[in-house]
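Structure first, commentary second.
Residue numbers (this note's numbering): 236 to 399.
Below you can see the structure in the form of structure tokens.
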């Protein structure tokens, strides 16, 4: 996607998401946009603010089932750096060795499952829910990385995606 096309794309996405009536509509559009950006998988993770003592986390993903099962069985939710509040405030997180330095077992396991590159877009919804929109790509995709440079412009789109 060329930079000049971004505003047209953003407007188109805004209109599409306003018309959606079901979560399945959102997931279908996320899959189409993930493929359009030349990524392999996505996960939409929403951490709801209540109950305060044990917030509920919702996850919808297209990652390989073997990876999801391993991630859950190892409880990587507890150490995944993209889920930490201090990283959440950064918004757009490209994945690299520095980000995962305190979660090396997670990073190694992801790579062993063929998940080598990725990025996360975090935001807070008006109801204070935290949203993590994740991509993992198996190979470096320069078009997708270039497209993600305007992540701050995409925040509205990501937020709209999550309001279902």
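Glycine included, every Cβ here is placed at the ideal spot set by N, Cα and C. Nothing here was measured: the structure is a model prediction, and the numbers come from that model.
Kindly list the residues whose CB is nearer than 7 Å to the CB of residue i, restricted to its own chain and excluding five residues on each side of it in sequence; keep chain order.
{"i": "residue 334", "result": "316 and 328"}
{"i": "residue 320", "result": "none"}
On the three-state DSSP scale, how would you describe residue i?
{"i": "residue 272", "result": "coil"}
{"i": "residue 298", "result": "coil"}
{"i": "residue 354", "result": "strand"}
{"i": "residue 292", "result": "strand"}
{"i": "residue 245", "result": "helix"}
{"i": "residue 279", "result": "strand"}
{"i": "residue 340", "result": "helix"}
{"i": "residue 207", "result": "No information on residue 207 is available, as it lies outside the stretch 236 to 399 that the chain covers here."}
{"i": "residue 317", "result": "helix"}
{"i": "residue 310", "result": "coil"}
{"i": "residue 362", "result": "coil"}
{"i": "residue 263", "result": "helix"}
At which residues does the alpha helix (DSSP H) containing residue i begin and terminate?
{"i": "residue 320", "result": "320-323"}
Which whole-angstrom value is the C-beta distance of residue i and residue j, which I expect to be below 8 Å?
{"i": "residue 348", "j": "residue 305", "result": "7 Å"}
So, residue i versus residue j, is the Cβ gap smaller than 8 Å?
{"i": "residue 357", "j": "residue 323", "result": "yes"}
{"i": "residue 230", "j": "residue 341", "result": "Residue 230 is absent from the structure shown; the chain starts at 236 and stops at 399."}
{"i": "residue 269", "j": "residue 262", "result": "no"}
{"i": "residue 303", "j": "residue 292", "result": "no"}
{"i": "residue 338", "j": "residue 314", "result": "yes"}
Please go through the same chain and pick out, in chain order, the residues whose beta-carbon is closer than 6 Å to the beta-carbon of residue i, but skip the five residues on each side of it.
{"i": "residue 249", "result": "none"}
{"i": "residue 243", "result": "none"}
Taking the beta strand (DSSP E) that residue i belongs to, which residues open and close that run?
{"i": "residue 329", "result": "327-329"}
Ordered along the chain, which non-local residues of its own chain (more than five positions away) have a Cβ less than 8 Å from that of residue i?
{"i": "residue 266", "result": "277 and 297"}
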